[in-house]
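Sequential numbering of the sequence shown, starting at 1, is according to this note's numbering.
What follows is a set of notes on a single structure, which appears directly below.
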Amino acid sequence: MKSQTFFVCLLAMVIMACAGIGIPDSSDPYKKIQYSYYAMDQGRYTPAERLILGAIEIFKQRDDKAGLAEAYATYGNYHKFAFNKGKLTKAPNLRESEKYFLKAIELFTELGNKNGIAKCHMGLGDALNDIDKKSSCQHYDLAIQYYDENGEKFYINPHFKNFPEMVRAFKKKYCVGIE
């Protein structure tokens, strides 16, 4: 009897992790992006990806370039991380991460959103760190170069007082001795 109960509980956990149970959904693509980060924080990559792809599709249908740039940046972040939740794992796909950050940079550039460009270069620096250190460090430099303190605000790690400080800390940690 205990083995049957264990199996039922395990099956329920797998279904919940994949199905997105407990993760809100919305027809608002900006909410989908927000909820995808919630899912990623929980290590639930399947609902996170479903939400991001849903947002991308809606932004494309609406021809909302600003939203599409945000969704591409989110998908770049999604591909940058490994998800380890028990037996449910997903390895990072750093080339896919790079692809989507570059798509986001293209749109942010077209829109003149310097801080969007800056945060994508920061993301690229992180994504490329394990596969191309020199390029990674160049992206950290570009993140600082593009950042506009008077531009659009966005979330940064709360351990840092501002974006340039955060980027410099990453550069100091990962780019020592890289020319």
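Just so it is clear, CB atoms sit at the ideal spot from N, CA and C, and this is done for glycine as well.
Quick caveat: nothing in here was measured; it's all calculated off a predicted structure.
Own chain partners of residue i with C-beta closer than 8 angstroms, once the 5 adjacent residues on each side are dropped
i: Asp132; result: none
i: Thr109; result: Ile117
i: Asn157; result: Met166
i: Cys137; result: Gly125, Lys171, Tyr174, Cys175, Ile178
Contact set for residue i: own chain, Cβ-Cβ below 6 angstroms, skip 5 residues either direction
i: Gly43; result: Phe83, Lys85
i: Leu51; result: Lys32, Tyr35, Ser36
i: Ile56; result: Ala71
i: Ala143; result: Ala118, His121, Met122, Val167
i: Ser135; result: Leu128
i: Asp25; result: none
i: Val8; result: No answer about Val8 holds up, because its pLDDT of 39 lies below 50 and its placement is not dependable.
Where the beta strand (DSSP E) containing residue i begins and where it ends
i: Lys85; result: 83-85
Residue i - containing alpha helix (DSSP H), residue span
i: Lys183; result: Because the chain spans 1 through 179 in this model, residue 183 falls outside it and cannot be assessed.
i: Val167; result: 163-174
i: Ile52; result: 45-62
i: Ile33; result: 29-41
i: Asp132; result: Element bounds for Asp132: n/a, residue is neither H nor E.
i: Ile178; result: Counting along the chain, Ile178 falls outside any alpha helix (DSSP H), and DSSP gives it neither H nor E.
i: Ala104; result: 94-111
Classification of residue i by the beta-carbon crowding that lies within 10 angstroms, buried from 16 upward
i: Thr89; result: exposed
i: His121; result: buried
i: Asn77; result: buried
i: Asn129; result: buried
i: Glu98; result: buried
Collapsed DSSP secondary structure at residue i in the structure displayed
i: Lys153; result: coil
i: Phe160; result: coil
Supposed close pair residue i, residue j - CB separation, criterion 8 angstroms
i: Ala127; j: Leu94; result: 5 angstroms
i: Pro92; j: Gly67; result: Pro92 to Gly67, Cβ: 25 angstroms. No contact.
i: Asn115; j: Phe154; result: 6 angstroms
i: Phe170; j: Gly112; result: Wrong, their Cβ atoms sit about 25 angstroms apart, outside the cutoff.
i: Phe160; j: Tyr147; result: 13 angstroms between Cβ atoms; not a contact.
i: Ala104; j: Ala73; result: 4 angstroms
i: Tyr75; j: Tyr100; result: 4 angstroms
i: Leu107; j: Lys65; result: 5 angstroms
Residues of its chain near residue i, where Cβ-Cβ distance is below 7 angstroms and the 5 sequence neighbours each way are ignored
i: Tyr38; result: Ile23
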